[in-house]
Amino acid sequence: MNKLLSKLLGVYDALSIPKRLHFFEVAILKVSIISFVAHIAFIYFENTFNFIGPNSHSYLKAIYTPFSFILYYEVFLLVIIIPKSISEFIGKQFEIIALITLRSFFHDIADIDFTDIATINNPNFINILYDLGASVIMLFSTLVYNKMYKKHGVSDAHVDLEQFIKIKKVLSVVMCGVLVGLSFISLFSWLTDVRLAFQNKTSFPNPNTVFYTDFFTIMIFVDVLLLIISFIYQFSFNLIFRNASFIITTILIRMSLSMAKPMNYLIIIIGLAFSIVTYFIYSKMTVQKIKD
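Structure follows, in structure tokens:
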């Protein structure tokens, strides 16, 4: 058992070194560029020769593809920072859901026929406004949260014990395996749905429900597990409430991925606001306790 744990810790250390992370980042950027060019070429040949159907496709759809790979890299970073502060871990979740929302804009704008938009009440135009408005609010919320975390990050120090960090490193490696496995399963499922959509001439499946719904479902249990393990090293009402608020936010993010606009964005914003207010109160109480 100790040998297995040592190997898992070694795997984490190998994955998390800056040089290795930079290698992954460059690789993802190269794949993003290749996929972007390939998607543009696919749209050109489809619009020219109509391999799949008579409908033309917007070149704006190609923007969505590289953005998806970049977003996937952010999810990988989320898994890698599990051993760090739980507060930083949650902040990365904020960034990811903000990027998912921004990515939705590229998906929605490609489906719009601008010659058909006659009024401001057009549903497609309203969807774009939802995407942009929600993205700005989430960006602002993320910046506010990160600023608070950097200012009061010392409040997490009491739980950053060596044994606890080792446990989180093992959990991080396990989640890396889950991430890879879930990626292949989700890709296969999505390609199957796309093939059926082509055959039946129906709309494509919502890409935001692919992979991310299952991933955030797993992250809920990861958050709960971290919360329970942290009790071994530090047990206080303030800490329980703060970490529980983070779990609630993760649950709300997961719920939003299966909801329609604008309720999905409203749920996310409520979750972000709840975590920010809770973290602010927790930080103030912790600082006051240290002074006392």
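Quick note on the working numbering: the sequence shown kicks off at 1073 and runs consecutively.
Idealized CB from N, CA, C, for every residue including glycine.
**Message:** Can you tell me whether T1289 is buried or exposed? The criterion is at least 16 other CB atoms within 10 Å of its CB, across all chains shown.
**Reply:** exposed
**Asked** By Cβ distance, which residues of its chain are closer than 7 Å to I1112, with the 5 residues on each side in sequence left out?
**Response** Y1131, A1134
**Request:** May I have the straight-line CA-CA distance separating V1109 from Y1136, to the nearest angstrom?
**Result:** 12 Å
**Request:** Please report how far the alpha carbon of Y1305 lies from the alpha carbon of S1355, in whole angstroms.
**Result:** 19 Å
**Prompt:** Looking at the structure shown, is L1233 part of a helix, part of a strand, or coil, going by DSSP?
**Reply:** coil
**Asked** How about I1200 and D1180: are their beta carbons less than 7 Å apart?
**Response** Their beta carbons are under 7 Å apart, which means I1200 touches D1180 by this criterion.
**Message:** Taking the beta carbon of Y1337 as the centre, do at least 16 other beta carbons fall within 10 Å, making it buried, or is it exposed?
**Reply:** buried
**Request:** Specify the secondary structure class of Y1145 as computed by DSSP and reduced to three states.
**Result:** In the three-state scheme derived from DSSP, where H, G and I count as helix and E and B as strand, Y1145 is classed as helix.
**Message:** For S1347, count the other beta carbons within 10 Å of its own beta carbon; 16 or more makes it buried, fewer makes it exposed. Which is it?
**Reply:** buried
**Message:** Taking the beta carbon of M1247 as the centre, do at least 16 other beta carbons fall within 10 Å, making it buried, or is it exposed?
**Reply:** buried
**Item:** Nearest neighbour of I1169, chosen from K1075, I1209, L1233, I1158 [CA to CA]
**Value:** It is I1209.
**Prompt:** What residue ranges within the stretch 1284-1312 form continuous beta strand (DSSP E) runs of no fewer than 3 residues, ordered along the chain?
**Reply:** Along the length of the stretch 1284-1312, whole beta strand (DSSP E) runs at least 3 residues long do not occur.
**Request:** Reducing DSSP to helix, strand and coil, say where N1199 ends up.
**Result:** helix
**Request:** Going by CA-CA distance only, name the one from I1312, Y1084, L1143, F1309 that's closest to P1155.
**Result:** Y1084
**Item:** Cutoff 6 Å; reference L1077; Cβ partners in own chain excluding five residues on either side
**Value:** none
**Prompt:** How should K1091 be labelled, buried or exposed, when 16 other C-beta atoms within 10 angstroms of its C-beta is the threshold for buried?
**Reply:** K1091 should be labelled exposed.
**Message:** Quick check: L1174 and S1140, are their CB atoms within less than 7 Å of each other?
**Reply:** no
**Message:** Going by beta-carbon coordinates alone, are I1339 and S1328 separated by less than 7 Å?
**Reply:** yes
**Prompt:** At what residue ranges does the stretch 1083-1131 contain a whole run of the alpha helix (DSSP H), taking only runs of 4 or more?
**Reply:** Unbroken alpha helix (DSSP H) runs of no fewer than 4 residues, entirely contained in the stretch 1083-1131, are found at 1090-1121, following chain order.
**CB of I1142 within 7 Å of CB of S1104, strictly** = yes
**Prompt:** What are the boundary residues of the alpha helix (DSSP H) that includes F1164?
**Reply:** Here residue 1164 turns out to be Lys, not Phe, going by the sequence shown. Where K1164 is concerned, the enclosing alpha helix (DSSP H) stretches over 1158-1181.
**Request:** Out of F1121, F1283, F1114, S1308, point me to the one whose CA is closest to W1262's CA.
**Result:** F1283
**Item:** Identity of the residue in F1313, V1294, L1171, M1220 nearest V1250 by Cα
**Value:** With distances taken between Cα atoms, V1250 lies closest to V1294.
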